[in-house]
């Protein structure tokens, strides 16, 4: 309440949400409150915290990370890409799919997006496109803060020169194979961004396909005759569909 500035009614609703989720998920009510506090620190209003909380639970459970860390990460991306809190589930599903479709995990995703998200948003790249770029770089062993910094520098240099990423990739691929392509990439994006741009150019045919897969990450999916609202929710169900998951849920229900 002190952090969010919410009214008694709003805080009462958040309290009830924490209790309900604490009783019905693998997370305890105390952990859910920690999530709510992190979102409040990022400037989320009480109603926005309510909207964002269920999706972040799915992200934390699917990727086996601390609830407050998942909240801080998802909330930061919503702010960086200028999205509404109601789009939290979109962020959650893209990140869950990123961690399973490329050589990344929660930590490398957090490091890379922290570096590149503001620049990506400034040049008009969506969260799905940015995730695709980072996924391709990660598969070439450029990941975490290294990937985020390199991609950020590329975006900055492209903005200075007034050319799009697609145009730059075409210029690199049209250069003669070998050192000429590397020199072209460095000429466009500098020594820090050039190698990353060269890597994207080599895999340029995969960018659209990967972006489209991220754009569909929140679509309804079927598994074992059941329907799930997006990749993260399905992943969480699969990971919790065992004795270990049942014990955790029992503990949460007991605290409730």
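Numbering (the numbering used here), first residue to last: 51 to 306.
Where is the CB? At the ideal position from N, CA and C, for every residue including glycine.
Model, not experiment: these values are computed from the prediction.
Extent of the continuous alpha helix (DSSP H) run through residue i
i, result
"residue 205", "194-211"
"residue 125", "117-130"
"residue 133", "Note, residue 133: premise wrong, no alpha helix (DSSP H); not H, not E."
"residue 302", "293-305"
"residue 143", "138-151"
"residue 54", "Careful: residue 54 lies outside any alpha helix (DSSP H) and carries neither H nor E."
"residue 166", "156-172"
"residue 346", "The structure shown does not extend to residue 346, since the chain is modelled only from 51 to 306, so the question has no answer here."
"residue 185", "177-189"
"residue 283", "281-290"
"residue 217", "215-224"
Member of the options whose CA lies at the smallest distance from the CA of residue i
i, options, result
"residue 100", "108, 135, 279", "135"
"residue 261", "182, 211, 233", "182"
"residue 185", "148, 209, 216, 207", "148"
"residue 107", "94, 95, 123, 92", "123"
"residue 242", "65, 199, 294", "199"
"residue 301", "72, 58, 67, 57", "72"
"residue 313", "167, 175, 113, 140", "This structure leaves residue 313 out entirely; the chain is present only between 51 and 306."
"residue 125", "95, 294, 193", "95"
"residue 10", "214, 57, 286", "Any answer about residue 10 is impossible in this case: the structure gives the chain only from 51 up to 306."
"residue 87", "137, 191, 65", "65"
"residue 205", "227, 246, 103, 226", "246"
"residue 141", "172, 175, 105", "105"
"residue 265", "178, 193, 53", "178"
"residue 218", "244, 70, 93", "244"
"residue 288", "56, 168, 111", "111"
"residue 208", "238, 60, 190, 121", "238"
"residue 93", "82, 235, 52", "52"
For residue i, the residue or residues it bridges with in DSSP
i, result
"residue 327", "Here the chain has residues from 51 to 306 only, and residue 327 is not among them."
Give the list of continuous alpha helix (DSSP H) stretches no shorter than 4 residues that lie fully inside the segment 69-109. Whole alpha helix (DSSP H) segments, 4+ residues: 79-91.
Does the pairing of the segment 121-134 with the segment 247-259 give three or more beta-carbon distances under 8 Å? The segment 121-134, when compared against the segment 247-259, does not touch it at the 8 Å Cβ threshold.
Contact between the segment 105-118 and the segment 75-88 is defined here as three or more beta-carbon pairs at a separation below 8 Å; is this criterion met? Contact check between the segment 105-118 and the segment 75-88: three or more CB pairs, one atom from each, fall below 8 Å, which counts as touching.
Any 3 or more C-beta pairs closer than 8 Å across the segment 222-231 and the segment 167-183: By the Cβ rule, the segment 222-231 does not count as touching the segment 167-183, because fewer than three pairs are nearer than 8 Å.
Are at least three pairs of beta-carbons, each pair with one atom in the segment 270-281 and one in the segment 206-222, less than 8 Å apart? Here the segment 270-281 does not lie against the segment 206-222, with fewer than 3 beta-carbon pairs under 8 Å apart.
Counting pairs of beta carbons, one from the segment 155-172 and one from the segment 196-214, are three or more of them closer than 8 Å? Counting Cβ pairs under 8 Å, three or more are found: they touch.
Any contact of the segment 137-148 with the segment 282-289, i.e. 3+ C-beta pairs under 8 Å? As far as the Cβ criterion goes, the segment 137-148 touches the segment 282-289, which means the pair count is three or higher.
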